[in-house]
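Visitor:
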Amino acid sequence: MSSLMYLLHHYTKPNTLTMKTISIAIADDEALFRKGMSLLLNAYENLQVDLEAEDGEDLLEKLATCEQLPNILLLDLKMPKMNGIEAAKRIQQKYPTLKIIVISTHFSRAFIINMIELSAVAYLPKNSQPQEVVETIEAVYEKGFHYNTEVLAIIRENIISKKKPKAQFSVELTNREKEVLRLICEQYTAPEIAEKLFISARTVDGHRNNLLSKLECRNVAGLVVYVLQHQLIDIPLLKINRK
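For the sequence shown, the positions run 112 to 354 when the numbering used here is used.
Right under this line is the structure:
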């Protein structure tokens with residue numbers, strides 16, 4: 112079954128909740144998949160595909176002309192002229208606020224780890240059901256990242272396979288920062304964290320920014336990887352795939 116036919120076969124009714132529109136870019140050389148994905152996402156009231164590109168070069172050219180960057184980029188890896196890996200490197204340098212969700216047929220440990228190191232905040236196989244794609248987009252928009260069970264397991268296995276002693280953790284965090292960090296890793300949104308800790312969402316944002324600065328991470332996805340590398344949180348306790 113082709114990628115487009117798979118999407119159409121598994122199409123579900125759009126979410127009717129009124130939410131802030133999430134601006135999306137799609138870079139994929141398969142026109143049928145790209146157009147099919149655009150059609151499906153645009154059917155949701157809170158999603159809008161504002162940019163389509165057929166390869167990395169086309170993507171960078173179109174991003175350069177944007178008055179306002181999209182919130183999220185759905186990026187394929189295997190594309191002509193400039194592939195998704197090279198495009199991600201350029202985007203990381205020039206557009207660090209653009210959140211990259213990889214959607215690729217290459218769903219292997221090597222590709223996943225490489226793209227996470229290039230700041231990809233989510234990674235999905237190309238035969239994912241449309242509802243999973245939508246939920247991932249919404250989660251990334253709200254929380255900054257979304258690693259499902261399989262991807263998180265691959266990250267853990269990669270760290271373990273390096274067989275290095277536990278990295279020395281010398282950064283001093285306050286108790287409140289540790290609480291916020293744990294809840295970020297459990298994939299709670301800022302309002303949810305605020306409610307749990309009885310503080311304002313703005314205060315949560317302040318703690319998150321302090322954590323990014325102290326731990327020298329580019330985004331919240333980097334915080335999760337840092338926590339795993341330094342064993343700051345008991346991994347089995349991490350809650351994933353929260354809706």
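By construction, the Cβ of each residue, glycine as well, lies at the ideal position given by its N, Cα and C atoms.
Out of Q159, L343, V331 and Y155, which one is the CA nearest neighbour of I409?
Guide: The structure shown does not extend to residue 409, since the chain is modelled only from 112 through 354, so no value can be given for it.
Visitor: Based on the DSSP output, what are the partners of A138 in its beta bridges?
Guide: A164 and L186
Visitor: Does the segment 282-289 come within contact of the segment 237-247, defined as at least 3 CB pairs closer than 8 Å?
Guide: no
Visitor: So V69 is in the beta strand (DSSP E); what residue range does that whole segment cover?
Guide: There is simply no residue 69 to check, as the chain begins at 112 and stops at 354 in what is shown.
Visitor: My assumption, with CB atoms under 8 Å, is that A198 sits in contact with L171. Please give the rounded CB distance.
Guide: 7 Å
Visitor: Is the separation between the beta-carbon of I214 and that of N182 shorter than 8 Å?
Guide: no
Visitor: Hey, quick one: how far does the beta strand (DSSP E) through S215 stretch, first residue to last?
Guide: K210 to S215
Visitor: Less than 6 Å between C-beta atoms, sequence neighbours within five positions excluded: which residues of the same chain meet that for K205?
Guide: Taking C-beta separations shorter than 6 Å and ignoring five residues to either side along the sequence, K205 has no partners in its chain.
Visitor: Going by Cα to Cα distance, which pick from F218, L188 and I224 is closest to E165?
Guide: Measuring from the Cα of E165, the nearest candidate turns out to be L188.
Visitor: Just reading off the alpha helix (DSSP H) that T247 is part of, what are its end residues?
Guide: P241 to K254
Visitor: Let me confirm a value: K192 is counted as buried when at least 16 other C-beta atoms fall within 10 Å, else exposed. Which label applies?
Guide: exposed
Visitor: Could you tell me the alpha carbon to alpha carbon distance between E141 and C296, rounded to whole angstroms?
Guide: 34 Å
Visitor: Does the Cβ of E163 have 16 or more other Cβ atoms within 10 Å, making it buried, or fewer, making it exposed?
Guide: buried
Visitor: Give the DSSP-derived three-state secondary structure of Q159 in the structure shown.
Guide: strand
Visitor: Taking the alpha-carbon positions, what's the L323 to G255 distance?
Guide: 12 Å
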